[in-house]
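Visitor: Under this note's numbering, think of the first position of the sequence shown as 13, with each following residue one higher.
By construction, the Cβ of each residue, glycine as well, lies at the ideal position given by its N, Cα and C atoms.
Bear in mind the structure is a predicted one, so any value in this text is a computation, not a measurement.
Mind having a look at this structure? Questions to follow.
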Amino acid sequence: MITRNSLGVFWRFEEGYEEVDGLYFYGKWLNHLPRKIALERLEKTWEKETAEYNTTSFDNDEYKVYAITIYIKEFPESNNWFNVIRETLQMFTDQGAVFAWCGTELSSPNPIIFTSEEGGEVYAFYSEKTGFICNAGLEDEMKDLTAEQIKRIYQLFW
């Protein structure tokens, strides 16, 4: 299936939750989550008319993750897609996250996802150590990170 048709999140409407086009973005901090992160860059990267977002955080003994759900109302131009994804991920690391990743409903805010033997469930990844990793453009066949890519990420950070 084409990436554009594969990206989905659950978004809350007045009537309840509905699956819509979108991605979940996550940034992992080592010790302490910031109280909030600056979202001006996100608002410039995803134009207001084209996307909505909401934020949450996961701050527990296992992991410290800031999450942003993006409801894509109108996709960016295909030739700008990688830039939009990279900029969104890099927004986390520029504010102190060790790394950032994104995925669809099958992804997880729990970084244990990177210990998976099977890989997958991570659409794109960014860190200063690795740079930007993404295997499929907007009009390409959908491909998550491979098991080998997941393994390399795990080896770098654990």
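Whose C-beta lies closer than 7 Å to the C-beta of M103 among residues of the same chain, with five residues either side of it excluded?
Guide: Same-chain partners within the cutoff: R53, L54.
Visitor: Where does W93 fall in DSSP's three states?
Guide: Reduced to three states, the DSSP call for W93 is helix.
Visitor: Between E86 and I125, what straight-line distance do the alpha-carbon atoms span, to the nearest angstrom?
Guide: E86 and I125: Cα-Cα distance of roughly 29 Å.
Visitor: Using C-beta distances below 6 Å, list every residue in its chain close to P123, excluding the 5 sequence neighbours before and after it, in chain order.
Guide: These residues qualify, in order along the chain: K40, Y75.
Visitor: Can you name the start and end residues of the beta strand (DSSP E) that E30 belongs to?
Guide: 28-41 is the span of the beta strand (DSSP E), which, as asked, contains E30.
Visitor: Going by C-alpha distance, which of M13, W58, G34 is nearest N92?
Guide: With distances taken between Cα atoms, N92 lies closest to W58.
Visitor: Identify the continuous beta strand (DSSP E) that holds F111 and give its terminal residues.
Guide: Element bounds for F111: 111-115.
Visitor: Taking I145 as part of the beta strand (DSSP E), name the residues at either end of that continuous run.
Guide: Run containing I145: 143-146, per the beta strand (DSSP E) assignment.
Visitor: Among T62, R47, I84, which has the Cα closest to the Cα of T68?
Guide: Of the candidates T62, R47, I84, the one whose C-alpha sits nearest the C-alpha of T68 is R47.
Visitor: When the Cα of E117 is compared with those of E26, T15, E31, which residue comes out closest?
Guide: Nearest C-alpha to E117: E31.
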